[in-house]
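What follows is a set of notes on a single structure, which appears directly below.
Quick look at the structure:
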């Protein structure tokens, strides 16, 4: 293919989606001799993985997080603990600096909840990482509201000690959660944003020996925030890092999530099962962003996918058959129950679940229709079928085949849903990463839809996502209005 | 000297005391061309330092922390910001995994406040680090009560929203701080301790493929804690790490601090200016520990010292003269004011401060008598003299001389104050570390008072401090009563 032909196609990004846990989206594979995901207690595992991903020129290595444990299935955490579904989970911030030391261009994304971390400490941790990675850190902004994690965090932190007011406050808290989760997100995120963007001028660090001035205090602002749950009065404590605000990831296409994404997110994780259902959601968010004056193409959408690659289609199917031997049906039930809030232990494995029989029919209908769509045929909705789907790749779609087959599939997602790249989950670790790097990446490059080199080798995550020179929030981004040096 | 002669002497430990800031205990030295402490935004700085310290077989690399900024002097943060005294400060947790990846035996200590971190997240971060370092992590337990850091953290988190109760609650909070700081410490620390020691059995991770059991849920306990400020109901989420509870550091010899140390600390940082005044304090804490049934010699006391080493005494004095050219008097004033709460800007630099003239005479008397003692002569107490003392080495003592002279000084501290080692602060970074490793360590080894090799090369921090095989809390330690597998 000619260079001209190459450049006419939309270039895609690859992102690696992982978690500091054993199975993540493929419960049960720890029993597969080819899987080493239980080596994650060993720092060497992370160093090796980061090197593989940089070799494949992944945009970033993204680590999900959860603290509460899955406890809907059978009304207990025990099934999740037994099969190691999101348990144990280590701190996703911890391995980053070690991986940064053995890479130059790979970005890193970390999930952190705005509900449980103090803005000042969270902002400091990200800024420290942004310095140490030379601008390669991203933040996946989430709220955590499941009861188990709230109990782990000590939710009563924000409830008055006086017992008489406890009940009223809990109600207020729940209402707040329901009607103003988005506001809450904004309040927290903006506090961090102010610390990152507004507190210290880019030229504050002067290191003037004659006047014994390391930082010019006139270029340091105290940030005051008087919020409902949070107050803060302090200058930020870290001098401006390469990106200032970490590259902002966000997941979800709910109405509240879409509005948030259109305003704040620079990269959005989406999870459709077929391109057709996803396309209007992405178009909607791009339109909302455009309505705010943002370049809609500056928002990068990553479809969540699990790839099972072989040298040939037959080879890939053989791999899939081997993987199926180890998939955990119980794990699928645990995940489905956690995602939907419906305890599947109350059904027989092969019992048909009729949405209209359920009090939560809308939730079930939505969950199943996401899994079983017109392309796959509807058939009977049973716990076993849901579990089989969810125990390989979680709630993301799965592509199986040769590099050519899988590349065709990716091109279809780009053409039909207007995604910008893929958030890829591994089945076997680190083998899945090696398969992508060795089999798929060369195929994508030969089609001209994948870079031969990072936008900015040795540069920042934002530059690699938005183009060389774009280390800071774009001028059309909401957060830019907080920039110290905006004038 | 014979091996028998060698073994009859008490062997000392060296600990490196640093902070993620520019000057730390030697404000102004960033202007000295020999100092590279302003390179701390670069990960390479940390990797190089860790390698130097491991070469010198330091027990651990210890990182202090502060979040609020020094703001007593002149009633403003500006002087501290200008001279870079504890500003900027990055997150001390972040560089650890990178340093762990390039070392095998060096331990790491991190300061974290029990006041501002959620026990569950703090416990998870330490356990993750304990896994990734293979058991080389320690925790310096502190409370943070200065107003500036409280404002940065949003102190009102624990104040009822209802304004009518705000005043009453603030008073209660202050009283709580004054009368039960120790209780508060215990409450928080014990929550972490329960998560670390009591939640998951050592044999919980079974990885039994046949029964699809990664973790045996019957060996995972839910921890319930109903405290005044914190509640928690959750199992811990990280499988047992090599040390479970990180090695516990603590600083301070106040009555409350001593009682805490006697119960909890495994290593205690002390800062006397002469051995004679320190000796009874150490003896007291060892006695308190013995009263609790602990082996008093298992508590390791580290005297804070700053060393200025030359090949000869004359060489060292030349180095000191060079260092004095860059010491920041303003920095000393800022530090003294922050430590004592007395704003020295209200005095002329050479004005005599008579404690009896001050409303805070007891604090001033104590602060000055710590600096100027019978060995140094009392003389006039002036701001300049205090600042000169504090701007080289902070409030720790300073030893200047050849390796022989300094080693003699260390031996005197061991003999007279019964310390177990030294918490050494650098003047110039990383040059001070190289001086210690290349000049002092060989002298200490030749005297038989320093190890030729770690107790447990490649082992845990606790093993290196307490002897090979001792990775877990000792059986005579209070925290051992929480151990899951105690029976």
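Residue numbers (UniProt numbering), protein chains in the order written: chain A, 1 to 487; chain B, 1 to 487.
Heads up, the beta-carbon is just placed ideally off N, CA and C, and yes, glycines get one too.
When Cβ-Cβ separations below 8 Å define contact, residue 212 of chain B makes contact with chain A. With a 10 Å radius around the Cβ and a threshold of 16 neighbouring Cβ atoms, residue 113 of chain B comes out buried.
Taking 8 Å as the cut-off, the Cβ atoms of residue 264 of chain A and residue 478 of chain A count as close. Take the alpha-carbon of residue 303 of chain A and the one of residue 16 of chain A: they are about 11 Å apart. Counting C-beta atoms within 10 angstroms of its own C-beta, residue 248 of chain A has 16 or more neighbours from the protein chains shown and is therefore classed as buried. Counted as a single uninterrupted DSSP element, the alpha helix (DSSP H) harbouring residue 326 of chain A occupies residues 313-326.
Three or more Cβ pairs closer than 8 Å define a contact, and the segment 399-418 of chain B meets that threshold against the segment 305-317 of chain B. For residue 270 of chain A, the enclosing beta strand (DSSP E) has its first and last residue at 267-270. Closest by C-alpha distance to residue 142 of chain A, out of A:211, A:67, A:420, A:430, is A:67. For the pair residue 466 of chain A and residue 34 of chain A, the CB atoms are not nearer than the 8 Å cut-off. For the segment 250-290 of chain A, the full-length beta strand (DSSP E) segments reaching 3 residues or more read 267-270 along the chain. Of the candidates A:419, A:418, A:436, the residue whose Cα lies closest to the Cα of residue 426 of chain A is A:436. In this structure residue 195 of chain A is in contact with residue 236 of chain A, their Cβ atoms being roughly 4 Å apart against a cut-off of 8 Å. Every alpha helix (DSSP H) of 4 residues or more that sits fully in the segment 434-479 of chain A is shown, in chain order, as 441-446, 461-466. The count of Cβ pairs closer than 8 Å, one atom from the segment 286-294 of chain A and one from the segment 379-390 of chain A, stays below three, leaving the stretches out of contact. Look at residue 48 of chain A: its C-beta is not under 8 Å from any C-beta on chain B. Taken atom to atom, the span from the alpha-carbon of residue 386 of chain A to that of residue 331 of chain A is near 11 Å. Here the segment 19-27 of chain B makes no contact with the segment 69-77 of chain B; the two share fewer than three CB pairs at distances below 8 Å. DSSP places residue 18 of chain B in the uninterrupted beta strand (DSSP E) bounded by 13-19.
Cβ contact annotation for residue 207 of chain B (same chain, cutoff 7 Å, sequence separation greater than five): 214, in chain order. The criterion of a C-beta distance shorter than 8 Å is satisfied by residue 295 of chain A and residue 476 of chain A. Beyond the five residues adjoining it in sequence on each side, residue 345 of chain B comes within less than 6 Å, by CB distance, of 73, 74 in the same chain, given in chain order. Straight across, the Cα-Cα distance linking residue 204 of chain A with residue 239 of chain A is about 8 Å. Contact annotation: in the segment 391-425 of chain A, no residue has its CB less than 9 Å from a CB in chain B. Taking all protein chains shown into account, residue 442 of chain A has fewer than 16 neighbouring C-beta atoms within 10 Å of its C-beta and is therefore exposed. Distances from the CA of residue 136 of chain B to each of B:321, B:61, B:440 were compared; the closest alpha carbon is that of B:61. The shortest C-alpha to C-alpha distance from residue 454 of chain A to any of A:122, A:328, A:106, A:85 is the one to A:106. According to the DSSP assignment, residue 404 of chain A belongs to the alpha helix (DSSP H) that extends over 403-417. Of the residues assessed, residue 393 of chain A falls on the buried side of the cut-off, its CB having 16 or more other CB atoms within 10 angstroms. Within the DSSP bridge table, the entry for residue 111 of chain A names A:140 as partners.
Going by C-alpha positions, residue 333 of chain A is about 7 Å away from residue 383 of chain A.
Judged by DSSP in its simplified three-state form, residue 48 of chain A adopts helix.
The residue from B:433, B:123, B:121, B:133 with its alpha-carbon nearest to that of residue 101 of chain B is B:133. Residue 76 of chain A: not part of any beta strand (DSSP E); DSSP gives it neither H nor E.
Across the structure, residue 277 of chain A and residue 405 of chain A are spaced so that their CA atoms are roughly 21 Å apart. Comparing alpha-carbon positions, the option among B:138, B:220, B:290 lying closest to residue 484 of chain B turns out to be B:220.
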